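J.: So the sequence lines, in the order shown, correspond to chains A and B.
For the first sequence, the residue numbers in my numbering are 1 to 113.
For the second sequence, the residue numbers in my numbering are 1001 to 1113.
Cβ atoms here follow ideal geometry from the backbone N, Cα and C, with glycine treated the same way.
Bear in mind that the values here come from a model prediction, so they are computed numbers and not experimental data.
Protein chains: 2
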Amino acid sequence: MHAVQTAPVEVSVASLCKCLGDELRLGLVCLMGTDREVCVCDLVAALDAPQSTISRHLAQLRQCGLVVARRQGTWMYYRINGALPEWALTVIESMVVEGRRQLGLRPLQGHCC
Amino acid sequence: MHAVQTAPVEVSVASLCKCLGDELRLGLVCLMGTDREVCVCDLVAALDAPQSTISRHLAQLRQCGLVVARRQGTWMYYRINGALPEWALTVIESMVVEGRRQLGLRPLQGHCC
DNA sequence: TTCGTATATCCGGATTAACGAATATATTAA
DNA sequence: TTAATATATTCGTTAATCCGGATATACGAA
């Protein structure tokens, strides 16, 4: 399991933090965890925000290199970018654990679709 | 050495990230590291920004609980708040190491004053 | 006291970011 | 084709953030 990564992607510490400095984006990342693939409809349902808002924030996370997306039919699945450098994955993992606690979120299991 | 901490302070993951999501504030934290006390004049010199700007960002870090200040005469010394919870200190340490690399900063040694 | 230095705060203006309804695009099924 | 569903993007409005000169405050020395 656990797909092996290609060469690490450069990510700026400040832009990573800026991404996670928004509660909605932090919530998205917390729902994914570092190893889970989730589809947009689940994220919309779990965070109870308008679809356009979720989609916009996902685009930001993607543009930052923090997450990657995979299309399957009409659905889009998002996950943390496994090609992130070690330090970034470590940071994300630590924050996700605490972030879930603070935001009262559980990692999403199974797919809605 | 290494002062023992009192009870951990609650810090929100999102607000910690928001703090570190600004390059100037990230620079300040990188110059302090997790165990160094630095005075404002050194920070102003090292980051080459107006004193009022530095002071404003330091106030934000302080208000977030990320740093604590100690006055000594006319000088103010700042350091990372040792009472931060474990996860926060871990996150900061990881980001500081990489942040220094990206911003081209060295931890400040010795005092200007 | 007064002066000089170090730091903090104020404030108006500029820039950036977040929002969400409306609309566009992509895909599948019929 | 068309319709239906899932997701992305646009756009105008509102809110938050950043900046830095000017000013205020705190302290030590004289």
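Mapping DSSP to helix, strand and coil, what is B/Ile1080?
T.: Strand.
J.: Please look up how many angstroms separate the CB atoms of B/Glu1098 and A/Trp87, rounded, as I've assumed it's under 8 angstroms.
T.: 5 angstroms between Cβ atoms; contact.
J.: Taking the C-alpha atoms as reference points, what is the distance between A/Val68 and A/Tyr78?
T.: If I take the Cα positions, the gap works out to 6 angstroms.
J.: Shortest alpha-carbon distance to A/Leu108 belongs to which of A/Arg36, A/Ser12 and A/Ala14?
T.: Measuring from the Cα of A/Leu108, the nearest candidate turns out to be A/Arg36.
J.: Report the rounded CA-to-CA distance for A/Leu89 versus A/Gly65, giving the unit in angstroms.
T.: If you take the alpha carbons of A/Leu89 and A/Gly65, they lie about 12 angstroms apart.
J.: Which value, in whole angstroms, describes the spacing of the CA atoms of A/Val92 and B/Leu1016?
T.: The question names Val, but residue 92 of chain A in the sequence shown is Ile. If I take the Cα positions, the gap works out to 13 angstroms.
J.: Near B/His1002, which residues of its chain fall below 6 angstroms by C-beta distance, leaving aside the five closest residues on each side in sequence?
T.: Low confidence applies to B/His1002: its pLDDT is 49, below 50, so where it sits in the model is not reliable, and the reading given next is rough at best. Result list for B/His1002: empty, nothing under 6 angstroms.
J.: Is B/Gln1102 close to chain A? Criterion is C-beta to C-beta, closer than 9 angstroms.
T.: So yes, B/Gln1102 belongs to the interface.
J.: Between the C-alpha atoms of A/Val38 and B/Gln1102, what's the straight-line distance to the nearest angstrom?
T.: Approximately 31 angstroms, taken between the alpha carbons.
J.: Look at the Cβ atom of A/Leu20, then the Cβ atom of A/Val29, and state whether they are nearer than 9 angstroms.
T.: For A/Leu20 and A/Val29, yes; Cβs fall inside 9 angstroms.
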